[in-house]
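Okay, so here's the structure we're looking at.
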Amino acid sequence: MRWLMLALALVGCAHTVPVDVAPTPAAPTHATAFRVVAAERSCRSVADAVALQLRRTPGLAVDPRGDYRLDVFGCGESWQSAPPVEDMSDDGSRSQAPLTGRAYAAAALSISGHFQANLIGTSRGGANDRWSVSSGITSRGLQRRAQRSFPHQVAADLLQQLDPRHRSVQRRVYAHAPSGTRRELHNLAVAAERWGDLDTAYFLAAAAHDAKPTVRSAGYVADLARRRLLHLPFAAAAPSSD
Numbered sequence: 000m001r002w003l004m005l006a007l008a009l010v011g012c013a014h015t016v017p018v019d020v021a022p023t024p025a026a027p028t029h030a031t032a033f034r035v036v037a038a039e040r041s042c043r044s045v046a047d048a049v050a051l052q053l054r055r056t057p058g059l060a061v062d063p064r065g066d067y068r069l070d071v072f073g074c075g076e077s078w079q080s081a082p083p084v085e086d087m088s089d090d091g092s093r094s095q096a097p098l099t100g101r102a103y104a105a106a107a108l109s110i111s112g113h114f115q116a117n118l119i120g121t122s123r124g125g126a127n128d129r130w131s132v133s134s135g136i137t138s139r140g141l142q143r144r145a146q147r148s149f150p151h152q153v154a155a156d157l158l159q160q161l162d163p164r165h166r167s168v169q170r171r172v173y174a175h176a177p178s179g180t181r182r183e184l185h186n187l188a189v190a191a192e193r194w195g196d197l198d199t200a201y202f203l204a205a206a207a208h209d210a211k212p213t214v215r216s217a218g219y220v221a222d223l224a225r226r227r228l229l230h231l232p233f234a235a236a237a238p239s240s241d
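Okay, here's the thing in C-alpha cells:
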C-alpha cells in the first residue's frame, strides 16, 4: 500500500492527473490492411466510419480483397434520462432533464476465414454525451445531433482496440478526500492505474462505483476491466526482445 500513497502524493491539489495507457491489442495481429464489412444493415454507418478511420490512420489501410476481415454487427444505442430539475433563469423557472446517450457495436476479426476475436466498441457515454433537455427543446432533436457523431466514436474505439497506440489520458481526482469514502477509493484506483497495477485499480474503482454509481464511474470501471483482461494474455504471449 505504500506505493499507492506515494503515487497519491503526486496528486496534490490537482483536479486531474495524467495516466499513461500502454498499448493492449485485442487480437494478436500485425495486419496493416483490413476488409470491413457491415454484417447488418443497421451497422453500415459504423462500418463506413471504421473504413474511413483506417484510411486516415498512418500505416493502416482498407483492402477489399484482404485476408484480414472485420465484420461489424450488433449495432445499437441506449438512452437514459434523469428526473427533471428546476433551472432558474432570467425568464423564470423551467424544467430540464439530463439526457445521456451511448452507442455500441461489435466487430468479428477473422484471418483467411478463421475467426480470431470479437471486439466491442462504444461511444464515450460520458459528460460529452449528456445534454439538458429543456421544455422548449425536444429530445428527438438532441438524439439526431448525437447520432451523427456516434458512428465515428464507436469506430475510434474499435480501431483503438485493433491497433492501439501509446496514449495519455487525464483522470479526475479529489483533493483531500475523506478516509473511507468513495472519493478516496477512486483516488487510490487512479494511483494504482498510474503505477500499472490494473488489478488493484479495477477492484478499487468498482468499489467506488458501487458506493455511488454514476455514468463516469461506470465508464472508468468498464475501461479498466477491458484493459485488465487484455493485458495479461498478450503480455505473456509477446515475443522476447532478447
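Numbering (numbering that gives the first Met the number 0), first residue to last: 0 to 241.
Ideal Cβ placement from N, Cα and C applies to all residues, glycine included.
What you are looking at is a predicted structure, and each value in this text was computed from that prediction instead of being measured.
- In this structure, Leu203 sits near Ala188, with a CB-CB distance shorter than 7 Å.
- Boundaries of the alpha helix (DSSP H) around Leu184: Arg181 to Arg193.
- The straight-line gap separating the alpha-carbon atoms of Ala190 and Ala154 is approximately 29 Å.
- Taken in chain order, the unbroken stretches of alpha helix (DSSP H) that lie wholly in the region 13 to 65 and span 4 residues or more are 43 to 55.
- Boundaries of the alpha helix (DSSP H) harbouring His208: Leu197 to Ala210, taken from the DSSP string.
- For Phe33 against Arg68, the beta-carbon gap comes to about 7 Å, under 8 Å, which counts as contact.
- Between the alpha carbons of Ala221 and Arg182 lies a gap of roughly 18 Å.
- Assignment of Ser148 by DSSP, reduced to helix, strand and coil, places it in the helix class.
- In this structure Val36 touches Val71 by the C-beta definition: roughly 7 Å separates them, less than 8 Å.
- Residue burial annotation: Pro150 is buried, with at least 16 other C-beta atoms found within 10 angstroms of its C-beta.
- Between the C-alpha atoms of Asn117 and Arg226 there is a straight-line separation of about 15 Å.
- With respect to Val172, Asn186 sits close: the two C-beta atoms are nearer than 7 Å.
- The DSSP-derived three-state label of Asp162 is coil.
- Taking C-beta atoms under 8 Å as the contact rule, Val214 and Thr99 qualify, at a distance of about 6 Å.
- If you draw a straight line from the Cα of Gly73 to the Cα of Gly179, it comes to about 40 Å.
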